[in-house]
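First comes the structure, then the notes that go with it.
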Amino acid sequence: MKIKLQIKRFNPEKDRAPWWGKYEVDVEPNDRLLDALHEVKWRQDGTLAFRRSCAHGVCGSDAMKINGRNRLACKELVRNLSRTIVVEPLMGFRVLKDLIVDMEPFFKKYRQIHPYLVNEDPEEPGRERLQTPAERSRFEDTTKCILCAACTTACPSFWTNPDYVGPASIVQAHRFIFDSRDRAGAERLHILNESEGVWRCRTVFNCAEACPRGIDVPKAIAEVKRALVFKKI
Amino acid sequence: MTIPTHRFEALVVGGGGAGLYAALTLSREGIPTAVLSKLYPTRSHTGAAQGGIGAALGNTEEDHPEWHMYDTVKGSDYLADQDAVEILCREAIETVYELEHLGLPFNRTPEGKIDQRRFGGHTREQGKAPVRRACYAADRTGHMILQTLYQQCIRRQVRFFDEFHVLDLVLEEGSGGRRCAGVVAMDLASGELHLFHAQAVLFATGGSGRMFQVTSNAHALTGDGMAVAFRRGIPLEDMEFFQFHPTGIYKMGILLSEACRGEGGVLRNALQERFMERVAPTIKDLAPRDMVSRAIYQEIRQGRGIGGKDYVHLDLTHLGQETLEKKLPDIADFVRTYMGLDPARDLIPVQPTAHYSMGGIPTNVDGEVMQDEKDTPLPGFYAAGECACVSVHGANRLGTNSLVDILVFGRRSGMTMSRYIRHSGWPSLPSQGLDWAQALLERLRNAQGKEKAATLRRELQQEMMESCGVFRREQSLSLLLKKLEVWEGRFLEIGLQDRSRRFNTELLEAIELQNLLVLARVTVASALARTESRGAHAREDYPKRDDENWLKHTLAAGENGKVVLKYKLVVITKFQPQERKY
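Rendered as structure tokens:
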């Protein structure tokens, strides 16, 4: 089938302003949008730049705006999209080239919330720390995050305030705060209680719709807020 | 023009499981460490590993490292080095516990221990029945490993150079021989070359599955580290052994984990027969991957592919919604997303997909790279993970053992490097270290030929799949070797449209294709020479294993533009080669 792509192009090395590249490609209905982008790059215009790697929705490289919604290009089949597909870079981060945005500010926010298990209790070598399936299930959902930035760049609070830690970092904090083995929940909650923390969330719920991993992001944020209000994890 | 130069005691190239575990180990030893990754490390392909890590914890039933060792050796078709396999299976246990302590959220038993499940080729008491050995986190075990190690590297303030692509190895040529002094890499964001000066360099650059048309491998897996090492005179070991995973999504190649069959899924042909019962009467669908992939092709050849086509069905319909959602949630999601099918109700079309390179840069059990058949180490140069060949997988890797490999040998490499760095001092940087990389970029940036890298790559992938896939024979391999020469010639005639510096991914893809071409030539040359069938290397013209002549590792080196093959013996300690039956 033939589809049309309108891709927002911008190479700061030579373009003074972004422009729309228009392409027509021949694809199979079961092809991913990523395959269609490759068709453009490999057969029509080698200068088109985008990130991708795994091509099946687990590495988080190819989050972009597809028909106005944040999606992974490798998880959208063209048969489920319109005959003309509009593709833009994620909003809120500097565009480096075409669909590639500067991810450094995103990873900086991620690092802010201490995204690692802290537990200085002496470990018994040769055996695991015990954790029941029920304890594990409290944070299982948030372990699925692939740091693609789809949620954060869909959030109006983040658009208006780029210093807001954003939903992805709260999801990452949640993954540790509610892990029975972790001992640094209080520190993370303290960080999220500050002015650029979790209270910037206005429950718009764009993040829920944006997550390609199906994480219940609003629920995770609500649990963090509740832990702050009731001072109890 | 001055080239930015960085100095780190330890330099790790590759941000997957092996690289990050090495970096974490080095930083815990107090060694200033940098990681170069052509992606953001969390995008590495370790994250796509699904099923589990094999370790004989014995949490749900009796198990022993010796049983794991036996299975691995037998699975390897007796080509693995048994001293290395013994270390792999023994240290798997402490490594899993260490990962748990670092935060990995394993699935748990009701008592709170790490849960374990069945996987292909893993058995109790040397082949009597399948055993629960794979420690797992749903069907996202690799994702959890990658996340956990990245998190701990952040905690230890490992320095990351994200989106830096390695182009060359810098070697100091002294009177006492060669020594590794660093690498040259391109910063993808700016297109600039950077020089990294280091006392010790680890390559943990992953596999090369993108040389095949249907593959489970990420686009990034173009064998860069292997190709760079090969160009600098390091031989590549056992490259003819490339694993095809039996259950890739039809045409797309996306992996459906062996855990599907570990949890009870079965393969069916057009007649609805569970054909693995015929091939491996004891462990059936949980036979090793080489055997299952061949069995699928046999069904197809005998007209029992679905609708006469080139695929069979994976049947998960009897597992029940709860098992699917709790233990195979991502798999269920892939099937729904990419096939529009419901795994609880529908049969899933699958075909073998190029999955894993058993071969690679030869190393010993400490991660040190061996530069010849006499096992002479190249000081300061290390390799671990899929790009390396220890060899623990021999001619066919067992499921879960790739994760065991990256963890055990990533960690061991980190330890070896930290010991080496303490006494090695700094190598000097040769003045011509940048020359090759500079010339390459110069040429490609101005390339105005008529060939397209994408077209060449497509031809390469199709022909490799056709003639160097699950089944091989002399005539088609010889023909392929000739075509490879032609393609290498055509590569010199390519033209690029993108002349810009920043994120020139067209340039990057050309460099990657050059690496794939080199590795394909090594693979085909090694496969053509090996006139026997062993593990994943199935020669239709030589259908039997030939221990008398071929119980040895291939070492393929580049000499004056030719691939020269040498061989070295397999280390056999506890298990003498036997006929492989399951």
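Protein chains in written order, with the working numbering: chain A, 401 to 633; chain B, 1373 to 1954. Ideal placement from N, C-alpha and C gives every residue a C-beta, glycine not left out. This one's a predicted model, so the numbers in the text were calculated from it and none came from an experiment.
Test: residue i CB closer than 8 Å to a CB of chain B
i, result
"THR634(A)", "Nothing about residue 634(A) can be reported from this structure: the residues present for chain A run from 401 to 633 only."
"SER569(A)", "no"
"GLN531(A)", "yes"
"THR447(A)", "yes"
"GLU520(A)", "no"
Distance, residue j Cα to residue i Cα
i, j, result
"CYS1525(B)", "GLY1739(B)", "20 Å"
"THR532(A)", "THR603(A)", "31 Å"
"ARG452(A)", "LYS1855(B)", "29 Å"
"GLU1564(B)", "PRO1376(B)", "9 Å"
"GLY1579(B)", "ALA627(A)", "44 Å"
"THR484(A)", "ILE466(A)", "11 Å"
"ALA608(A)", "MET464(A)", "16 Å"
"ALA1427(B)", "VAL1664(B)", "23 Å"
"PHE578(A)", "ARG538(A)", "6 Å"
"GLU1612(B)", "ALA1928(B)", "10 Å"
"ILE1793(B)", "ASP1870(B)", "41 Å"
"LEU405(A)", "ILE500(A)", "17 Å"
8 Å Cβ cutoff, residue i in contact with chain A
i, result
"PRO1413(B)", "no"
"MET1516(B)", "yes"
"ARG1815(B)", "no"
"TYR1469(B)", "yes"
"GLU1466(B)", "yes"
"ALA1353(B)", "An answer regarding residue 1353(B) cannot be provided, because it is not within the stretch 1373 to 1954 covered by chain B."
"ILE1626(B)", "yes"
Simplified DSSP assignment, three categories, for residue i
i, result
"ALA417(A)", "coil"
"GLY1499(B)", "coil"
"PRO1751(B)", "strand"
"GLY1377(B)", "One detail in the question is off: residue 1377(B) reads as Thr in this sequence, not Gly. In this structure, THR1377(B) counts as strand in the three-state DSSP scheme."
"PRO1724(B)", "strand"
"ILE513(A)", "coil"
"ILE570(A)", "helix"
"ALA1394(B)", "helix"
"GLN1847(B)", "helix"
"VAL1586(B)", "coil"
"SER1958(B)", "As shown, chain B starts at 1373 and ends at 1954. That puts residue 1958(B) outside it, with no answer to give."
"SER1839(B)", "helix"
"GLY1426(B)", "strand"
"VAL1943(B)", "coil"
"LYS625(A)", "helix"
"LEU1806(B)", "coil"
"ARG1666(B)", "helix"
"THR1735(B)", "strand"
C-beta contact flag for residue i and residue j at 8 Å
i, j, result
"ALA1957(B)", "LEU496(A)", "The structure shown does not extend to residue 1957(B), since chain B is modelled only from 1373 through 1954, so no value can be given for it."
"LEU1923(B)", "TYR1442(B)", "no"
"GLU528(A)", "GLU1472(B)", "yes"
"THR1520(B)", "GLY1492(B)", "no"
"TYR1710(B)", "MET1837(B)", "no"
"ALA1553(B)", "ALA1382(B)", "no"
"LEU448(A)", "ALA473(A)", "no"
"LEU1511(B)", "PRO1701(B)", "In the sequence on display, residue 1511(B) carries Asp and not Leu. A contact, by the Cβ cut-off of 8 Å."
"THR552(A)", "ALA534(A)", "no"
"PHE1602(B)", "HIS1378(B)", "no"
"GLU1823(B)", "GLU1865(B)", "yes"
"CYS636(A)", "HIS1417(B)", "Here chain A comprises residues numbered 401 to 633, so residue 636(A) is not present and cannot be evaluated."
"ALA1899(B)", "ARG1844(B)", "yes"
"ALA1572(B)", "GLY1752(B)", "yes"
"LEU1889(B)", "LEU1832(B)", "yes"
"ARG1717(B)", "GLU413(A)", "no"
"THR543(A)", "PRO1802(B)", "no"
Distance cut-off 7 Å: residue i Cβ against heavy atoms of the ligand PLP
i, result
"GLY1386(B)", "This structure lacks the ligand PLP, and indeed carries no ligand of any kind."
Problem set entry | Segment contact flag, the stretch 1777-1790 of chain B with the stretch 1503-1512 of chain B, C-beta cutoff 8 Å, min 3 pairs | no
For this session: Would you check if the stretch 1766-1775 of chain B and the stretch 1902-1919 of chain B touch, i.e. whether three or more CB-CB distances between them fall below 8 Å?
Result: yes
For this session: Report yes or no: do the stretch 1586-1597 of chain B and the stretch 1666-1681 of chain B share at least 3 C-beta pairs separated by less than 8 Å?
Result: no
Exercise. Between the stretch 1728-1739 of chain B and the stretch 1650-1658 of chain B, do at least 3 Cβ pairs fall closer than 8 Å?
Worked result: no
For this session: Decide if the stretch 1719-1727 of chain B is in contact with the stretch 1756-1765 of chain B; the criterion is three or more beta carbon pairs, one per stretch, under 8 Å apart.
Result: no
Problem set entry | Cβ pair count under 8 Å reaching 3, the stretch 1481-1492 of chain B against the stretch 609-619 of chain A | no
Exercise. Are the stretch 1881-1898 of chain B and the stretch 1830-1848 of chain B touching by the rule of at least three beta carbon pairs closer than 8 Å?
Worked result: Contact holds: three or more Cβ-Cβ distances are below 8 Å.
Problem set entry | Segment contact, 8 Å Cβ cut-off, at least three pairs: the stretch 507-518 of chain A with the stretch 1526-1542 of chain B | yes
For this session: Flag this pair as touching only if the stretch 1796-1814 of chain B and the stretch 1398-1410 of chain B have three or more C-beta atom pairs under 8 Å; answer yes or no.
Result: Segment contact: the stretch 1796-1814 of chain B against the stretch 1398-1410 of chain B, fewer than three CB-CB distances shorter than 8 Å; contact not assigned.
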